[in-house]
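A.B. asks: Numbers -19 to -1, 1 to 65, taken from mature numbering (1 follows the signal peptide of the UniProt record, and there is no 0), label the letters of the sequence shown in order.
Ideal placement from N, C-alpha and C gives every residue a C-beta, glycine not left out.
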Amino acid sequence: MFLLFCLSVFLCDSFEVSRIPPTSTPPPKRQFSAMDYDKSSNSLLIFGGNQGASSTFNDVWKFSLNDSLWTNLVSTTNTIPSNN
Ligand SMILES: *[C@@H]1O[C@H](CO)[C@@H](O)[C@H](O)[C@H]1NC(C)=O
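(1) Comparing alpha-carbon positions, which option in Asn23, Leu46 and Val55 lies nearest Pro3?
(2) I think Trp42 touches Asn31, with their Cβ atoms under 8 angstroms apart; what is that distance to the nearest whole Å?
(3) Assuming Ser14 and Gly29 make a contact with CB atoms under 8 angstroms, what is their CB distance in whole Å?
(4) Cβ of Thr47 within 7 angstroms of any heavy atom in ligand 1?
(5) If I measure Cβ to Cβ from Ile27 and keep anything under 6 angstroms in the same chain, skipping five residues before and after, which residues do I get?
(6) Would you identify the three-state DSSP class for Ser21, choosing helix, strand or coil?
(7) Whose C-alpha, out of Asp48, Leu50 and Phe38, is nearest the C-alpha of Pro9?
(8) I need the straight-line Cα distance from Lys51 to Phe44, nearest angstrom please.
(9) For Ser49 versus Ile1, is the C-beta spacing smaller than 8 angstroms?
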């Protein structure tokens, strides 16, 4: 129990959230997108999402955590992948 308490105090004391300003134009705002972390490039990958029913994204963006740079890897004009 004491160990758990120490661990939680340690984690809370060391946890910090900070805003990372982008160094390039970010993707449009969206909701319901999927995101994953790519360890090899130290980047966040973001796929799809929408701006409501009338505007659905089918794109992939990479945000490099090393240089705060957004890169559009796949544009919205590509066809939607099948479920197979
Ligand atoms: C990102 O930065 C870290 C720390 O400086 C470095 O070890 C790593 O190689 C870098 N990754 C890339 C993909 O540049």
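C.D. replies: The answer reads as follows:
(1) As a working mapping, residue 3 is identified with position 22 in the sequence shown. A check of alpha carbon separations from Pro3 across Asn23, Leu46 and Val55 identifies Leu46 as the nearest.
(2) To locate residue 42, count along the sequence shown from 1; it is residue 61. To locate residue 31, count along the sequence shown from 1; it is residue 50. For Trp42 against Asn31, the beta-carbon gap comes to about 14 angstroms, at or over 8 angstroms, which does not count as contact.
(3) By one-based count along the sequence shown, residue 14 stands at place 33. By one-based count along the sequence shown, residue 29 stands at place 48. Your pair Ser14 and Gly29 checks out as a contact, with CB atoms roughly 5 angstroms apart and the cut at 8 angstroms.
(4) Counted from its first residue, the sequence shown places residue 47 at position 66. Note that residue 47 is Asn in the sequence shown, not Thr. Yes, Cβ of Asn47 sits closer than 7 angstroms to a heavy atom of ligand 1.
(5) Taking the first residue of the sequence shown as position 1, residue 27 is located at position 46. Contacts found: Ser14, Met16 and Trp42.
(6) Translated into positions along the sequence shown, residue 21 becomes position 40. Ser21 carries a helical assignment under DSSP once its states are collapsed to helix, strand and coil.
(7) By one-based count along the sequence shown, residue 9 stands at place 28. Of the listed residues, the one whose Cα sits closest to Pro9 is Phe38.
(8) For this step, residue 51 is matched to residue 70 along the sequence shown. For this step, residue 44 is matched to residue 63 along the sequence shown. The residue you asked about is not Lys; residue 51 is Trp in the sequence shown. As the crow flies, the alpha-carbon of Trp51 is around 5 angstroms from that of Phe44.
(9) Residue 49 sits at position 68 when you count from the first residue of the sequence shown. Residue 1 sits at position 20 when you count from the first residue of the sequence shown. Result yes, Cβ atoms of Ser49 and Ile1 sit closer than 8 angstroms.
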